[in-house]
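**Student:** Quick note, the sequences are listed as chains B and U, same order. FYI, the numbering for the first sequence is 1411 to 1767, going by the working numbering. FYI, the numbering for the second sequence is 8 to 237, going by the working numbering.
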Amino acid sequence: MSDIRASFKMQLDSFALDASFTAPAVGVTALFGPSGSGKTTLLRCIAGLERAQGTLQVHGETWQNDSDFMPVHKRPLGYVFQEASLFPHLSVRANLEYGFKRILPSERKVPLEQVVEWLGLIRLIDRKDPAQLSGGERQRVAIGRALLTSPRILLMDEPLSALDSNSKQEILPYLERLHRELNIPVLYVSHAMDEVARLADHLVLLEKGRVIASGALHETLASLDLPTAHFDDAGTVLEATVAQQDEKYHLTRLDFAGGQLWVGRVEQPFGTTVRARVLARDVSIATQPPQGSSINNILNARIEEIRDEGPDKVIVRMQVGDAHILLSRITRRSRDLLGLHAGMYVCAQVKSIALMA
Amino acid sequence: MMETGLNSDDLQAVWLTLKLASVSTLLLLFIATPLAWWLAHSNRWYKGMVAATVALPLVIPPTVLGFYLLLLMGPHGVVGELTSALNLGRLPFTFYGLVVGSVLFSLPFAVQPIQNAFEAIGKRPLEVAATLRASVWDRFVSVALPLARPGFLTAIILAFAHTVGEFGVVLMLGGNIPGETRVLSVAIYNHVEAMEYGAAHWLAGGMVLFSFIVLLSLYLVGGKLWRGAR
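#1: Ordered along the chain, which non-local residues of its own chain (more than five positions away) have a Cβ less than 6 Å from that of B/MET1420?
#2: Name the DSSP bridge partner or partners of B/TYR1584?
#3: Measure the C-alpha to C-alpha separation of B/GLU1556 and U/ILE67 and round it to an integer number of angstroms.
#4: Pull the bridge partners of B/GLN1549 from the DSSP assignment, please.
#5: Counting only Cβ pairs nearer than 8 Å, list the residues of chain U close to B/TYR1598.
#6: What are the residues in the region 115-142 of chain U lying within 8 Å of chain B by C-beta distance?
#7: With which residues is B/ARG1739 paired in a DSSP beta bridge?
#8: So, does the CB of B/LYS1484 fall closer than 9 Å to a CB anywhere in chain U?
#9: Quick one: what does DSSP say B/ASP1642 is sitting in, helix, strand or coil?
#10: Below 8 Å on the Cβ atoms is my contact criterion, and I expect B/VAL1673 with B/LEU1661 to pass it. Report the Cβ-Cβ distance as a whole number of Å.
#11: My assumption, with CB atoms under 8 Å, is that U/PRO185 sits in contact with U/LEU154. Please give the rounded CB distance.
#12: Quick check on the DSSP output: the alpha helix (DSSP H) that includes U/HIS198 runs from which residue to which?
#13: With distances taken Cα to Cα, identify the nearest neighbour of B/ARG1717 among B/LEU1613, B/LEU1634, B/ILE1763 and B/VAL1730.
#14: Tell me, please, which residues DSSP counts as bridged to B/GLU1719.
#15: Going by beta carbon distance, what residues of the same chain come within less than 7 Å of B/LYS1578, once the five residues before and after it are set aside?
#16: Whole angstroms are fine: how far does the CA of B/ARG1620 sit from the CA of B/PHE1497?
#17: Is the CB of B/SER1424 under 9 Å away from at least one CB in chain U?
#18: Does the structure place the region 108-118 of chain U close enough to the region 27-41 of chain U that three or more beta carbon pairs sit under 8 Å?
#19: In its own chain, which residues sit with a C-beta less than 8 Å from the C-beta of U/LEU239, not counting the 5 before and 5 after it?
#20: Using a Cβ-Cβ cut-off of 9 Å, state whether B/LEU1522 counts as contacting chain U.
#21: Along the region 1513-1538 of chain B, where does the CB come closer than 8 Å to a CB of chain U? Name the residues.
#22: Return no unless some Cβ of chain U is closer than 9 Å to the Cβ of B/LEU1765.
#23: Looking only at DSSP bridge pairs, what is B/TYR1489 linked to?
#24: Unbroken alpha helix (DSSP H) runs of length 4 or more, entirely within the region 8-93 of chain U: which are they?
#25: Measure the CB-CB distance between B/LEU1459 and U/THR138 and report whether it falls below 9 Å.
#26: Can you tell me which of the three DSSP states B/GLN1701 falls into?
#27: Using the Cα positions of B/SER1704 and B/ILE1513, report the straight-line distance between them to the nearest angstrom.
#28: So is U/VAL215 buried or exposed if we call it buried at 16+ other beta carbons inside 10 Å?
#29: Comparing the C-beta of B/LEU1592 with each C-beta of chain U, is any distance below 9 Å?
#30: Would you say B/VAL1371 and B/MET1766 are within 9 Å of each other, going by their C-beta atoms?
#31: Under three-state DSSP, which class holds B/GLY1554?
#32: Using the Cα positions of B/GLY1753 and B/THR1638, report the straight-line distance between them to the nearest angstrom.
#33: Determine the burial state of B/GLU1517: buried for a count of at least 16 other Cβ atoms within 10 Å of its Cβ, exposed for fewer.
#34: Where U/VAL71 and U/LEU180 are concerned, what is the direct C-alpha to C-alpha distance, given to the nearest angstrom?
#35: Apply the 10 Å Cβ neighbour rule to U/LEU65 and answer buried if 16 or more other Cβ atoms are within range, or exposed otherwise.
#36: Give every residue of the same chain whose Cβ lies closer than 6 Å to the Cβ of U/LEU23, excluding the five residues on either side of it in the sequence, and list them in chain order.
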């Protein structure tokens, strides 16, 4: 069976891990939660770096159960740590080849040249001292080093969190490219919603050592029952395709099953799928198509649910088209003035859209 | 020879000292490395006891250590009975007796730098190596050993120098047999006892110079190694 089934129990001094989840063995699954929620510990259990009680199956192969525990070095995984942790006594090339040399030639599915090309390592590979590389460069080498073991699953523990924002922007395109082109499932630990919204397909939500939800990213983010919908940066993601370029105003039209969105110029060919993130705080609601508005993007929507959020705010869940959900955070006063209620047809005005290539 | 007042026994003592120090240092590396590894990584409750035992030669007087070793390895000692039963004879007053004494006496000087080096590496590089398919032994050889190189260098210098300068344990355990157990420090003592200050000067001064040259060359060569290993 092509999925990941994990169930772990572990008692540490400060907290208890009691986490079970099933994730598809395709695409990127984010293990998301606040610090101290046990996401890194869970990832380490999956790698075998922590010895918890429990069971783990990956692609139908048992890595751990009550009687057996496959040691870390026998598990066909790649692991990218928070800090690149390159071996300081080895050159960049020797770092990259460390794991590559340790697998059978017949198992080497990813050639060195390919990884070097993918991660833009051409200028780095002949450097002697990895300590001389920048933080972003080191992390790229670390990702390449993990990929070169031809892993059946890639585990990433907040690979961007130790980097400054420039290095982050430098790495994200590479991660997206891996996501698109590499056929390896990824478990990605993060506490940064923008990274998750950008990279993940599936979300496992952790809180205090427990899994509180697990599901497809767009569904999980749209669920008002989960804490993610009540974060300040709550929002949903839409998959849309590049449909039209407007030369005069330097805009791009994106089409999706619920309508169309005009966004700042996207330099991608027609038909390219891009991911757009719409935050609840950037969506306002009108009961009639507004006249004389500066807002470009107005979508027809149907209110599914309204939920109180503190003394002054409510969060509104709206369906756009057949399959897409938008969230909107408005005041309680606006809700009452407009008489908003579930089942009502409204216009959702989208003030801004974050594009994720 | 005439001007220095040194005799062929003295040269033998120099040679014997170097042999003792080399053999002891080599043995120490094999003993201290696993011990240091265990001390650096174990969480057992008796780890403190082991660490204290290893460090004991730092604080107990060499004559005390030599005295107990003499009893242990003598005809009525446990080790003595064992070596007799194995047809190995007895260890006191032999070169190998000195080796045993030196190894125990210099153990903390070899264990502690290596242990510190292993601890400084931390768990992360070994975990990384494990996720890159390296087995336990492979991780040790390909990651821990090269990263701990400065610690090994320090251990080698200290263990060697400490063995060269050893006196109390040797005297208690080995006595003063030319070519067998009479090492440099004992030869110097003999010369001083016999009021042969000239010869004592040559040996003592030679030892100071030798120690300095060893340390200087290791500093010059090792400085690079030290930096390279970081």
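Where a beta carbon is used, it is the ideal one built from N, C-alpha and C, also for glycine.
**Tutor:** Looking at the atomic coordinates:
#1: LEU1427 and ALA1462
#2: In DSSP, B/TYR1584 forms no bridge with anything.
#3: With the sequence shown as reference, residue 1556 of chain B is identified as Ala, and Glu is not the correct amino acid for it. Looking at the two C-alpha atoms, the distance is approximately 51 Å.
#4: Answer is none; B/GLN1549 lacks a bridge partner.
#5: In chain order: nothing, as chain U lies at least about 16 Å away.
#6: ARG131, PRO132, GLU134, VAL135, ALA136, ALA137, THR138, LEU139, ARG140, ALA141 and SER142
#7: B/ILE1725
#8: yes
#9: coil
#10: 7 Å
#11: Between U/LEU154 and U/PRO185 the Cβ distance is about 45 Å, and since that is not below 8 Å, they are no contact.
#12: 191-200
#13: B/LEU1634
#14: B/LYS1723
#15: LEU1570
#16: 34 Å
#17: no
#18: yes
#19: This structure leaves residue 239 of chain U out entirely; chain U is present only between 8 and 237.
#20: no
#21: ILE1513
#22: no
#23: B/LEU1565
#24: 15-48, 54-66, 69-80 and 85-92
#25: yes
#26: coil
#27: 59 Å
#28: exposed
#29: no
#30: A query on residue 1371 of chain B cannot be resolved here, the shown segment of chain B reaching from 1411 to 1767 and no further.
#31: helix
#32: 23 Å
#33: exposed
#34: 11 Å
#35: exposed
#36: VAL190
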